[in-house]
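Working notes, structure below.
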Amino acid sequence: MNSRGAKEVTGTKYGGHQVAVIGFGYVGTVLSVFLAERGVRVLGVDSDPRVIDSVSSGKPHFKEPTVTDLLTRFVASHMLSVSNSFEGVDEAKVIIVTVGTPIGGNYSADLTALKDCIASVAGYLRRGQLLILKSTIPPGTTRNVVALMLKERGFEPGKDILLSFCPERLAEGNALNEIRRVPVVVSGINGESLRQAERFWKGVGLKTISVSTLEAAEMVKLADNVWIDVNVAFANELARICEAIGVDAMGVIRAANSLPKGEGKVNILTPGIGVGGSCLTKDPWFLVDFARSKNVAMKIPALARRVNDEVPSVIVETVTSAIGRKEHKKTGKVAVLGYAFKGRTSDTRNTPVKHIVLSLKSSGFAVTVFDPWVSSQTIENECGVEMSDSLEECIEDANAVVLLANHPEFEQDILISNPRLPKDAIIYDGWHSLDPTIVCRMGHDYYSPGHFVRKVKS
Ligand SMILES: NC(=O)c1ccc[n+]([C@@H]2O[C@H](COP(=O)([O-])OP(=O)(O)OC[C@H]3O[C@@H](n4cnc5c(N)ncnc54)[C@H](O)[C@@H]3O)[C@@H](O)[C@H]2O)c1
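Residue numbering for the sequence shown follows the working numbering, beginning at 1100 and increasing consecutively.
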């Protein structure tokens, strides 16, 4: 019996489900599919009935390579089941929390879902269970919010309930592969929590990197994402100065990245269309806000956020000027290929494409959009544009074709040799997916972030 009088989970008996995953969004779904693949039976819990309906019928509520097929298979074989009730969580040996932690007022983390979830889970906890948090949270949250809530409900963290924070570091578009290969950073509220969490992740075949405290692991996640955001911001600024002097930024970056530095090499990332998605757009603010609460002013992450937020406007300016130069007018048709924030995902959270579409529309352009990964309803709701039925319909008669998500459906062979692509359309290649030489040989002017303009025709 624990201090609340609940029954214990004993030994290695895992009960009906071995692992309960609370929050069956992007992370929870991909993680559960990975666990099922490793032979672990999973109970998923989510408060959104639409998520439960969709997953119960064998379909995730988003698109991500290979996840749909595996999810369908694991739901059919009962390796994976979902519910909007916490019933059954008491039978799991391990409970993993992956609820959303969006940005709230004043750029701080909104922990409402996390607190609600812990309050609900607490009603189903049993002595000896391991509770692993994976949602991204500011340093101190596991100890000062979650552990405190457990104590208030009669559980001694580290004794009655083992408590661990292990950040999730997958990247959408390649999420399952990333989960399979990226080492898990592990922390615990005490030695036993750390040991059991390490044992769990190693047991499903993953490498672990243990850090000394919960706060260190919480910081690792923010450090990773701030590094990416700052690096991309620098790449985007480098691209702009290279464009201004007619130098190919991609060539500069390739050469610059050959310099050995520290334990690796200089690693400037690729300039792009701005930064989207649900993580890189908020996690740097979590760090800035947390640092402020400790009287530390972190200027670089905040500045990088602003630099990256400006990029969509720069792209609109490039495209409209290019059309202006070529057509001697600032109107016409722009075909936008890709609405998701990156390739091979349906995720449109904070997609920079939304700003680009709305801005082109308000400048008087006729804008068509096509994204085979995203629902037409989403695009219509967010931009007031009815999605084209096909790539061909989208690009027909376009003055400019703007490639804004690197989906496989927009590969060079499909796009550039498409008979419906107008011969004189300007091509803006937001993801450096195309070969500029080939695009220009086909008679198009080619633009991309940091790539100088190739004028093949006057
Ligand atoms: N998406 C990513 O690429 C990614 C990568 C690494 C880390 N993360 C972090 O992982 C967390 C989850 O991200 P996501 O993209 O999966 O979010 P998401 O919004 O797709 O999923 C969160 C899910 O939690 C559910 N939920 C909310 N409150 C609940 C409650 N009280 N009980 C049960 N379910 C509840 C929601 O209905 C939703 O389905 C966030 O903290 C995020 O920052 C995300």
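Note that the Cβ used here is the ideal one computed from N, Cα and C, for glycine as well.
Remember, predicted model here, so these are calculated numbers, not experimental data.
- Query: So, are the CB atoms of Val1415 and Ile1455 less than 7 Å apart?
  - Reply: yes
- Query: Under a three-way DSSP split, which group does Ser1532 fall into?
  - Reply: coil
- Which residue from Ser1156, Thr1167, Cys1482 and Val1351 puts its Cα closest to that of Ser1461? Cys1482
- Helix, strand or coil: how does DSSP classify Phe1551 here? Three-state result, Phe1551: strand.
- Item | DSSP bridge partner residues for Gly1363 (one or two, in chain order) | The beta-bridge partner set that DSSP reports for Gly1363 consists of Lys1360.
- Message: Can you tell me whether Gln1117 is buried or exposed? The criterion is at least 16 other CB atoms within 10 Å of its CB, across all chains shown.
- Response: Result: buried.
- Task: In angstroms with no decimal places, state the Cα-to-Cα distance between Val1538 and Leu1490.
- Result: 17 Å
- Item | Pro1451 (DSSP reduced to helix, strand or coil) | In the structure shown, Pro1451 adopts helical secondary structure according to DSSP, grouped into three states.
- Task: Return yes when the C-beta of Cys1216 is under 6 Å from any heavy atom of ligand 1, and no when it is not.
- Result: Answer for Cys1216: yes, Cβ within range of ligand 1.
- Look at Val1418 and Ala1499 and say whether their C-beta atoms are less than 7 Å apart. yes
- Task: Please classify Arg1149: is it buried, with 16 or more other beta-carbons within 10 angstroms of its beta-carbon, or exposed?
- Result: exposed
- Message: Less than 6 Å separating the Cβ of Leu1210 from some heavy atom of ligand 1?
- Response: no
- Is Ser1377 helix, strand or coil when you go by DSSP? If DSSP states are grouped into helix, strand and coil, Ser1377 belongs with coil.
- State the Cα-Cα distance for the pair Ala1208 and Pro1400, rounded to the nearest angstrom. 16 Å
- For Ser1377, which of Phe1264, Ala1497, Arg1268 and Asp1534 has the nearest alpha-carbon? Checking every option, the nearest Cα to that of Ser1377 belongs to Arg1268.
- Using 10 angstroms around the beta-carbon of Lys1564, count the other beta-carbons present and answer buried if the total reaches 16, otherwise exposed. Past the boundaries of the shown model lies residue 1564; the chain is included only from 1100 to 1557, so the question cannot be answered.
- Item | Where Pro1535 falls, given that 16 or more other Cβ within 10 Å makes a residue buried | buried
- Write down every uninterrupted run of the alpha helix (DSSP H) in the segment 1447–1519 whose length is 4 residues or greater and which is fully enclosed by it, in chain order. Qualifying alpha helix (DSSP H) stretches, in chain order: 1451–1461, 1475–1482, 1490–1494 and 1511–1515.
- Item | 7 Å CB neighbourhood of Leu1379 in its chain, flanking five on each side removed | Asn1324, Ile1327 and Asp1328
- Message: For Pro1451, which residues in the same chain have their Cβ closer than 6 Å to its Cβ, ignoring the five residues on either side in sequence?
- Response: Ile1372, Gly1373, Gly1375 and Pro1411
- Query: Is Leu1142 helix, strand or coil by DSSP?
  - Reply: strand
- Message: If the criterion is Cβ atoms closer than 7 Å, does the pair Val1196 and Ile1278 meet it?
- Response: no
- Message: Could you check if Ile1121 belongs to the surroundings of ligand 1, using beta carbon to heavy atom distance under 6 Å?
- Response: At least one heavy atom of ligand 1 is found less than 6 Å from the C-beta of Ile1121.
- Around the Cβ of Val1466, are there at least 16 other Cβ atoms within 10 angstroms (buried) or fewer (exposed)? So Val1466 ends up on the buried side.
- Message: Between Met1248, Leu1503, Glu1508 and Pro1507, which has its C-alpha nearest Tyr1546's C-alpha?
- Response: Leu1503
- Query: For Thr1211, does the count of other Cβ atoms within 10 angstroms reach 16, so buried, or fall short, so exposed?
  - Reply: exposed
- Contact check, Pro1471 vs Asp1496 under 8 Å by CB: the rounded distance? Not really, about 21 Å apart at Cβ, beyond 8 Å.
- Query: From the DSSP output, which residues share a beta bridge with Ile1195?
  - Reply: Val1120 and Ile1231
- Of all the options Leu1402, Glu1508, Asn1205 and Leu1134, which has the alpha carbon lying nearest to the alpha carbon of Glu1336? In terms of Cα proximity to Glu1336, the closest of Leu1402, Glu1508, Asn1205 and Leu1134 is Leu1402.
- Message: As a quick exercise: from Gly1222, Asn1205 and Gly1302, pick the residue whose alpha carbon is nearest that of Phe1133.
- Response: Gly1302
- Message: I need the straight-line Cα distance from Tyr1438 to Ala1322, nearest angstrom please.
- Response: 28 Å
- Task: Pull up the distance between the alpha-carbon of Gly1203 and that of Lys1428, whole angstroms please.
- Result: 42 Å
- Whose CA, out of Lys1441, Phe1464 and Glu1409, lies closest to the CA of Thr1430? Phe1464
- Item | Coil, strand or helix - Lys1320 by DSSP | Three-state DSSP puts Lys1320 in a helix.
- Message: Per DSSP, what are the beta-bridge partners of Pro1256 in this structure?
- Response: Ile1260
- Task: Would you tell me roughly how many angstroms separate the C-alpha atoms of Ala1218 and Leu1262, rounded to the nearest one?
- Result: 15 Å
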